[in-house]
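A short write-up of the structure that comes next.
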Amino acid sequence: MKYTIKSLKAEFPTDIHCLDHIFKTKYPTASGYHKIAGRKAYANNKGHHIHPLAGTIFEKSSTSLTIWFHVIFLFATSKNGVSAMEIQRQTGVTYKTAWRMGHQIRKLMEQDKNPLTGEVEADETFYGKGGTHATKFKNKQAVLGAVERKGRIKVKAVPNRQAAIVLPFIKENVVRGSKVVTDEYRGYDKLSYSAYGYTHRNVKHGKHHMLWKGEHTNTIEGFWGQFKKSVRGTYAFVSPQHLQAYLNEFAWRYNERTSSVPLFQLLALKAAQ
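Residue numbers for the sequence shown follow my numbering, so the first one is 184 and each next one is one higher.
Encoded structure:
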C-alpha cells in the first residue's frame with residue numbers, strides 16, 4: 184500500500200489527531216480517558232493523568248505535532264535522506280530546530296541486535312574528504328558492513344579496520360556457521376578458524392576480479408556507493424561524531440525496503456513508543 188502526503192494529511196490533519204495516535208499506540212489498554220483541553224495530556228474520572236509525549240522524541244518540543252509527522256514522512260519516503268535545510272524550507276521551523284528534529288528521528292532508525300545469517304558479504308570502507316593517493320585514508324573514518332544476500336544489513340563506524348576490530352564485528356553480527364564472502368584484505372583471514380567457525384570465501388579484487396570462483400561482494404559495495412552518493416548530494420558532509428546516526432538511517436531504509444507496511448507507519452509507530 185502506498186502512503187502519500189495526501190494519506191498523511193487525511194489521517195493526521197491536526198495536532199489532536201497526532202496526539203491521539205501517540206496516546207493509543209503507547210497505552211493501547213487505557214480506557215475511560217479523555218483529552219484535557221489545552222494540554223497534551225489525558226485524564227480519567229479518577230483524576231489520573233497520562234502524558235503520552237513523555238519519553239518520546241516529541242517530549243519538551245514546542246514544535247507542532249503535525250510538523251513532526253510531516254518530517255517523519257519525509258524521512259520515510261526519501262531514498263537519499265533529508266537535510267536540515269530541506270526540513271526548514273518545507274516546514275518553516277528554524278535551522279536549529281530542523282537539525283534537532285532530524286537527529287531525533289534518526290534515533291528511531293537505530294539497528295537491531297538480530298544477527299545476519301546464510302550467505303553474507305562483509306567489507307570495509309572509509310568515509311571523509313578526499314586526498315592524494317598517498318593520503319587517501321588520512322583523516323577518514325573507517326566503516327564496517329555486513330549484508331545478507333537479498334536480506335538485511337549491519338553497518339558500524341569504527342576506529343580502524345584492523346583484524347582486532349573487523350573479526351569481533353563479524354562475530355557479533357553474523358551467526359556462526361554462515362558463509363562470509365569478503366575481498367582479499369588480510370584482516371578477514373581468521374574467519375574460517377575454529378574460534379570463529381565461518382565458511383570464508385574471498386574475491387581477488389587486487390587482480391581486478393569482480394567475480395571470483397562464483398563469489399562477489401557487489402551487494403555491500405553497492406550499499407557503500409549509494410550511501411556516499413546520497414550523503415554528498417543531500418548532506419554534503421557528515422562529521423565523524425554523527426556518522427553512525429546517518430549509517431543507521433540508510434541501513435534502516437535498506438532493511439525495510441521490502442516491508443508490506445508503509446515506512447511512515449513504521450516510523451510513526453516507533454516514535455509513539
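C-beta atoms are modelled at their ideal positions from N, C-alpha and C, and glycine is treated no differently.
Buried or exposed by the 16-neighbour rule on C-beta atoms within 10 Å, applied to residue i
i	result
N438	buried
T315	Unreliable placement is indicated for T315, whose pLDDT of 42 sits below 50; the coordinate value is still reported in the next sentence. So T315 counts as exposed.
G370	buried
A317	Summary for A317: the model assigns pLDDT 43, below 50, so the residue's position carries little reliability, and this model does not support an answer.
Q324	buried
A267	buried
V231	At residue 231 the sequence reads His, which differs from the Val that was named. It is exposed - the Cβ of H231 has fewer than 16 other Cβ atoms within 10 Å.
P196	exposed
S377	exposed
K223	buried
T239	buried
N356	buried
T458	Any property of residue 458 remains undetermined from this structure, which presents the chain solely from 184 to 456.
Beta-carbon proximity of residue i to residue j, cut-off 9 Å
i	j	result
V330	T246	no
V363	L426	no
K457	F352	Absent from the model: residue 457. The displayed extent of the chain is 184 to 456, so no value can be given.
Y368	S375	no
W282	A454	no
Y186	F256	yes
K218	Y225	yes
E307	G328	yes
A193	R289	no
S443	K262	no
L248	I188	no
P423	S190	no
H399	E304	yes
Y278	V421	no
Three-state class that DSSP yields for residue i in the structure shown
i	result
Y310	strand
E242	coil
A317	Annotation note: pLDDT 43 at A317 (below 50); position unreliable, no value reported.
W395	Caution applies to W395, whose pLDDT of 49 falls short of 50 and renders its modelled position unreliable; the model cannot decide the point.
H232	strand
E432	helix
E304	strand
V341	strand
V357	strand
T187	coil
Y278	helix
N401	helix
F447	helix
R369	helix
F195	coil
N263	coil
R440	coil
H425	coil
F406	helix
T212	coil
Q467	This structure cannot settle anything about residue 467, because the visible part of the chain is limited to 184 through 456.
Y376	coil
Identified DSSP bridge partners for residue i
i	result
V349	Beta-bridge pairing links V349 to no other residue.
Q324	Y310
I336	V330
R384	V364
K218	Y225
L299	V357
Neighbourhood of residue i by C-beta distance below 8 Å, restricted to the same chain and skipping five residues each side
i	result
Y379	L350, I353, K354, R359 and K373
V265	V254, L257, F258, G285 and T417
G215	N227 and N228
V276	T246, I250, I270 and M284
6 Å CB neighbourhood of residue i in its chain, flanking five on each side removed
i	result
F433	F410
A220	none
F447	Y186, F256 and A259
Y312	The sequence given here places Lys at residue 312; Tyr does not occur at that position. Cβ within range, chain order: n/a, list empty.
W395	Residue confidence for W395 is low, a pLDDT of 49 falling below 50, so the modelled location carries little weight and cannot support an answer.
7 Å CB neighbourhood of residue i in its chain, flanking five on each side removed
i	result
Q294	K337, N431 and A434
F406	G328, V330, I336 and Y437
P298	N356, V357 and V358
heavy atom of the ligand ATP below 8 Å from residue i C-beta
i	result
R440	The ligand ATP is not among the ligands present in this structure, which contains no ligands whatsoever.
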